[in-house]
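Basically this note's numbering = 1-based index in the sequence shown + 77. Where is the CB? At the ideal position from N, CA and C, for every residue including glycine. Fair warning: this is a prediction, and the values are worked out from it, not measured in the lab.
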Amino acid sequence: MALLYSPPASHGHFYYETAQVAAFAVYVALLLGQGYRRGYPWRNWLPLVAAATLALLVGCQLVCLPPAAWLSWLRSEVATQPGMVGGPRSVVGGAAASLLAVLALRRALGFRGWAVLDAFAGPLCWALAVQCVGCLLVGCCWGEVAALGSPGLRYGPGTLPYLAQQAHGLLPAGVSYALPVVPTQLYQLLLCAGAGVVLHMGRRAAWPGGSRYLLAMGLLCLGRFFIEFWRDPAGEPLLAAPLALAGMQLLGLQWLLLAESLALLGSWGWLVARQVAPAAAAPIVATLGYPALVGVGLLAATARLAPASLNRPETLVLQGLLLAVLVAEGHSAWAKLSRWAPRLVGLPLSLLLSGALLLSTAQAPAPQQAASATPPPSKTLILSGGVLGNSHDAEEDILANSSGCSGSQPLRLHQQVRAGGGEIAVEKAYATGQTSTWGGGLWVGQQQVAIQTLPTSHYQFIAHDTTLRYLLADIHLYREIHTGQAWSSFGFRGGLHLGSLGYYSYFDNGNTRNSAWLLPELMLSYGNPRLLYGQADFCYGAENTLGAYTGRLALGSGLGQAGGSQVLAGYAHSPHRPTPSMGFVSATLRLPGGTGLSALSLEPYFATDFGEHQQFSLKLNYRLAR
C-alpha cells in the first residue's frame with residue numbers, strides 16, 4: 078500500500094529554501110565544531126571553511142551549466158545568471174568543487190597533512206541529510222512510478238512529479254494526485270545519515286589522514302549509484318542520458334558515480350590495509366597575510382556572486398566568517414608589525430613621492446586585439462587637501478616612569494592636535510559598477526599636551542604647569558574596492574599609516590611617552606550605497622589616526638544617488654579616557670553641476686561626546702577624468 082503525501086503546491090511554500098538554509102547552517106556549524114575539536118587556529122581554519130562552503134554552493138549550480146557557458150557565467154553575463162539560485166543543482170559538482178578548493182588552499186593556510194580532509198566528511202553527510210528533507214517535501218529528485226502495492230509517495234498538483242507525469246500523459250486532467258513514485262529522496266536521506274553514522278562509529282580508528290573522507294565520499298557515491306536505478310531521469314539535472322559501455326546501459330551519471338565509488342573505496346581500502354600509523358599532526362603555520370588575502374578574495378567573490386548564485390542567508394553567513402578572518406588576521410598583523418615599528422622609523426619620505434609619481438603616470442592598458450562588448454574601465458585622478466584636528470580634556474594619574482616604581486602624580490591634561498595635508502588617488506570604474514582605487518597622502522601637524530598640576534598631589538615630578546609639543550607626520554597608503562550591485566554592494570579598504578602618529582599613551586596612565594609609529598587601516602561596508610549601507614572602519618583616513626586612532630560603526634546613505642553626495646553617521650570609539658565614546662557625522666558633498674564646479678566635493682567630519690572630546694576635519698577633493 079502506497080504511503081500518501083500531498084503537500085500544497087510548491088510555488089506557495091518555501092520548504093526547499095528552508096531546508097537549503099538549514100543544511101547550509103548545519104554544514105558550517107559542524108565544520109566550526111570540527112575545527113574546535115581538532116584545535117585548528119581560527120585564523121587558518123575559518124578561511125578554509127569559507128572557501129570550501131562557497132565552492133560547494135557554486136559547484137552545485139555550475140556543474141548543471143554546459144561547460145561552454147562557464148566562462149560567461151564567471152564574467153557575470155546576464156544571459157547565464159537568472160535563476161541560478163532557484164535553478165537545478167547537483168551535489169556531485171559541489172562536492173568536487175569543495176574538494177578542489179581545500180586542496181588548493183590547504184598548504185597556503187598552513188595545513189600540511191591530509192587529515193584536514195577528514196574534517197569535511199561528517200559535516201557534508203549530515204548537511205546533505207538535512208537537504209534531503211526539503212527534496213522530500215517539495216518532490217524534487219523524485220523516483221519513477223512505483224510498482225503496484227510498493228511503498229511510494231503521491232504528490233499533489235503543482236509539484237514536480239505531478240507536472241512531469243502530466244507532461245508524459247500519465248495523468249488525466251483534473252486528477253487530485255500524481256501516481257505513487259518511489260521515495261528516492263527518503264533513500265538518499267537514509268544513505269547520507271548512514272554514512273554520517275559510520276564515520277561517527279569509526280571516529281576512534283587509527284586510520285591514515287584522509288581515509289575517512291575517502292570512505293564517506295565512496296559510500297555516498299556507491300549508494301547514489303544504486304538509488305539512480307529508481308530515479309526518474311526527468312528529475313535528474315546532470316548526465317541523465319543513457320550511455321552504453323561494454324554492453325551495459327546506464328545513465329551517464331551512474332557511470333560517473335560507479336567510477337568514483339570504485340576509486341574512492343579502493344583508495345580507502347589500500348590506505349587502511351597498509352596499516353600505517355597516523356603521522357603526528359604538523360604545526361599549522363600560515364605565512365602572515367595569506368589568510369587575509371584568501372579572506373579578501375572570497376569577500377570579493379561573494380559580493381560578485383550574490384544575489385545571482387547565493388541567497389541572502391548564504392551571503393551573510395559567508396561574509397560574517399570572512400570578516401572574522403580579517404579581524405583575526407589584523408590582530409596577528411598588528412602584533413607582528415608592532416615589533417617591526419622601530420626599524421621603520423627612518424623610512425624616507427621619497428617612498429611616498431615615488432608612489433604618487435607612479436600613480437599619476439600609470440601606463441594605459443595595451444590596445445585590445447579585437448573589439449570587446451565590455452568597454453575599458455575609466456580612470457579618474459583624485460586630488461585632495463584639507464585640515465584636521467581633535468581635542469580632549471582629562472584628569473589622569475601619570476606615572477613618573479615606565480616601571481611604575483617612582484609613584485604617580487594626578488594631572489589635568491588638555492591635548493590638542495592640528496594638522497594639514499594632501500592625498501592623491503587613482504580610481505578605476507568598470508562598466509559593471511565596480512570601482513578600484515589606489516591612493517596615498519602626507520599629513521603634517523603638531524600635538525600639544527597642556528599639563529596643569531593639581532594641589533591635591535602628594536608626589537610631584539612635574540612642579541609647574543607646562544605644555545609639551547610634538548611634531549606629527551602621517552604617510553598614508555591604501556587600497557579600496559567597491560563591488561556588487563543594489564543591496565549586495567560590498568566595499569573594502571585596507572592600508573597603513575606610517576610616521577609619528579601621536580602620543581596616545583599619555584591618556585593611558587602614562588606608561589610610556591613613545592609615539593605610535595605604525596597603524597593599520599581597515600574599512601568594510603555592505604548594503605545599498607544609494608539608499609542605506611552599514612560601515613565599520615578603523616583608522617579610516619588621517620582624521621581618525623593622528624592623535625586619536627578611532628574605530629567606528631555607522632550607517633550611511635547616498636540619498637538616492639550613486640556616485641553623488643553621501644552622508645554617514647554612527648558611533649566612534651577613541652582611546653582617550655574617561656570618555657572614549659562619541660557620536661559622529663560625516664558627508665561627501667558634490668557641488669551642483671550647474672555651477673561649473675561639479676568636479677569638486679567637500680568632506681566635512683565631526684565627532685563629539687558633547688563634552689570634553691571632539692574631532693573634526695574638512696577636505697576639498699578635485700576629480701580629474703583621464
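- The C-beta distance from Pro257 to Gly216 rounds to 12 angstroms, too long to fall under 8 angstroms, and the pair is not in contact.
- Looking only at His559, Leu575, Ala646 and Leu630, the smallest Cα-Cα distance to Asn605 is reached by His559.
- When DSSP states are grouped into helix, strand and coil, Asp309 belongs to the coil group.
- Here DSSP, grouped into helix, strand and coil, assigns Gly561 to coil.
- With distances taken between CA atoms, Thr685 lies nearest to Ser658 out of Arg700, Leu679 and Ser658.
- Contact annotation: Gly624 and Val521 have beta-carbon atoms that are not nearer than 8 angstroms.
- Contact between Leu201 and Leu375 is absent: CB atoms are separated by about 19 angstroms, not below the 8 angstroms threshold.
- Out of Ala619, Gln612 and Leu609, the CA that lies nearest to the CA of Pro597 is found in Ala619.
- For Gln97, the number of other beta carbons within 10 angstroms of its own is at least 16, and it is reported as buried.
- For Phe101, the CB contacts under 8 angstroms within the same chain, skipping 5 residues up- and downstream, are Thr130, Leu134, Ala204, Pro390, Glu391 and Val394 in chain order.
- Straight-line spacing of the CA atoms in Ala255 and Trp122 works out to 47 angstroms.
- Cβ contact annotation for Trp191 (same chain, cutoff 7 angstroms, sequence separation greater than five): Gly286 and Gly287, in chain order.
- Annotated three-state conformation of Gly633 is strand, per DSSP.
- As the crow flies, the alpha-carbon of Ala508 is around 12 angstroms from that of Lys456.
- By the CB criterion at 8 angstroms, Ala293 and Leu276 fall inside the cutoff.
- Closest in alpha carbon position to Arg120, among Ser678, Leu333, Leu399 and Leu316, is Leu399.
- Bridge partners of Ala613 according to DSSP: Leu601 and Leu630.
- Boundaries of the beta strand (DSSP E) harbouring Asn698: His690 to Ala702, taken from the DSSP string.
- In terms of CA proximity to His469, Arg489 leads the group Gly463, Gly462 and Arg489.
- Cβ contact annotation for Asn467 (same chain, cutoff 6 angstroms, sequence separation greater than five): Val494, Gly624, Ala625 and Gln692, in chain order.
- By the CB criterion at 8 angstroms, Ile552 and Arg700 fall outside the cutoff.
- Around Gly647, the same chain offers Arg629, Leu630, Ala631, Leu632 and Phe661 as residues with beta carbons nearer than 7 angstroms, after the five sequence neighbours per side are excluded.
- The beta carbon of Glu472 sits closer than 6 angstroms to those of Arg489, all from its chain and outside the five residues before and after it, given in chain order.
- CA-CA distance, Pro368 to Val402, rounds to 7 angstroms.
- Non-local C-beta neighbours of Ile304 in its own chain, meaning closer than 8 angstroms and more than five positions away in sequence, comprise Thr261, Tyr264, Gln265 and Leu268, ordered along the chain.
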